[in-house]
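Below is one structure, written out as structure tokens, with a few remarks after it.
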Amino acid sequence: MNNGEDQAEAIETRGDEHHVVLSADTNGDGKPDVWMTDTTGDGKADLYQFDTTGDGQVDVTMVERAEDPGADRIVVDGDGGHPVEP
5 MNNGEDQAEA IETRGDEHHV VLSADTNGDG KPDVWMTDTT GDGKADLYQF
55 DTTGDGQVDV TMVERAEDPG ADRIVVDGDG GHPVEP
């Protein structure tokens, strides 16, 4: 039973506006470190960002893009917060 008032805010996306569909605090520090974003306005997440070190910076980015119908691909950028040897 819920005695409090539930509050929700709906944000309409148009074209190239980015709308965070979900953000989560996965390590319990009180700050979001995972973000799922709808960049196309179709209501589905297609941009995934992760702060793997807890420093507030995005370390890994995954993007789903369909160049042809049914041909989604994932592009991963970032080093996961770990140093990369030159």
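In my numbering, the protein residues as written are 5 to 90. All C-beta atoms in this analysis are idealised placements derived from N, C-alpha and C, irrespective of residue type, glycine included.
Asked                                                                            : Found
If the criterion is Cβ atoms closer than 8 Å, does the pair G60 and N31 meet it? : no
Does DSSP put V24 in a helix, in a strand, or in coil?                           : strand
Just to confirm, are D46 and V25 a CB contact at a threshold of 8 Å?             : no
Determine the DSSP secondary structure at V62, reduced to helix, strand or coil. : coil
DSSP three-state call for E16: helix, strand or coil?                            : Note that E16 has pLDDT 46, beneath the 50 cutoff, so the model's placement of it is unreliable and no number is given.
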